[in-house]
Amino acid sequence: MRDDGDEGVGAMAGTSGVDTHDGREVVGADLAFFDALVRADGAALDALLADDFVLVDVMAGSVIPKADLVPLIASRRLEFETIGADGEEPFVRFFDATAIVIGRTRMSGRFEGEAFTSRSRYTHVFVTDPAGRVGGWTLVSAQGTRME
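In the UniProt record's numbering, the protein residues as written are 1 to 148.
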């Protein structure tokens with residue numbers, strides 16, 4: 001892994017060869033996702049997520065498509081009070097037009113009124129987007145693994 005020297009964001013070239021992307025742009029899009037969740041900003045989520053986006057839920061392992069996630073967040077049935085980094089900075093791997101972000105978070109919130117907290121390791125998959133969503137990246141998949 002190489003460290004690009006800025007804010008601890010690591011980036012690695014994938015099997016495709018030369019790393020021509022900036023890890024900070026992808027991490028910025030990743031942070032925009034967390035920010036939209038905390039703000040319950042359905043419009044921001046709609047803009048950032050691919051139409052066929054899927055989330056693998058950190059608590060139950062359920063697969064949640066964008067069409068279900070955005071209204072769930074916007075209605076505050078699922079409400080994130082906080083989502084923050086848990087220790088190390090995320091690192092990014094690039095494979096041509098795909099970026100994989102791996103990081104750790106602490107989160108708290110409520111699902112249908114019931115409080116929850118969780119620590120997780122996550123993997124987010126972004127693809128470059130000519131439409132220029134957030135920094136030119138679109139989130140296509142997110143998966144969290146709960147850590148005890």
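For every residue, glycine included, the Cβ atom is placed at its ideal position computed from N, Cα and C.
- Message: If I follow the unbroken beta strand (DSSP E) through valine 56, where does it start and stop?
- Response: Counting along the chain, the beta strand (DSSP E) containing valine 56 begins and ends at 49 to 56.
- Message: Quick check on the DSSP output: what are the complete beta strand (DSSP E) runs of length 3 or more inside the UniProt domain "DUF4440" (30 to 129), in order along the chain?
- Response: For the UniProt domain "DUF4440" (30 to 129), whole beta strand (DSSP E) runs of length 3 or above, ordered along the chain, are 49 to 56, 63 to 65, 78 to 85, 91 to 95, 98 to 111 and 114 to 128.
- According to DSSP, residues forming a beta bridge with glycine 144: The beta-bridge partner set that DSSP reports for glycine 144 consists of Tyr122.
- Taking buried to mean at least 16 other C-beta atoms within 10 Å of its own C-beta, is alanine 32 buried or exposed? So alanine 32 counts as buried.
- Message: Quick check: glycine 144 and valine 58, are their CB atoms within less than 8 angstroms of each other?
- Response: Yes, Cβ-Cβ distance for glycine 144 and valine 58 is below 8 angstroms.
- Item | Identity of the residue in Ala40, Val38 and Leu69 nearest alanine 50 by Cα | Closest in C-alpha terms to alanine 50, from the list Ala40, Val38 and Leu69, comes Leu69.
- With contact counted as at least three CB pairs below 8 angstroms, one residue from each stretch, are the region 63 to 81 and the region 97 to 104 in contact? Proximity of the region 63 to 81 to the region 97 to 104 falls short of the contact definition, fewer than three beta-carbon pairs being nearer than 8 angstroms.
- Item | 8 angstroms contact criterion, which alanine 40 and leucine 48 should meet: CB distance rounded | That pair is no contact at about 14 angstroms.
- Rounded separation between valine 140 and valine 26 - CA only: So the alpha carbons of these two residues sit roughly 13 angstroms apart.
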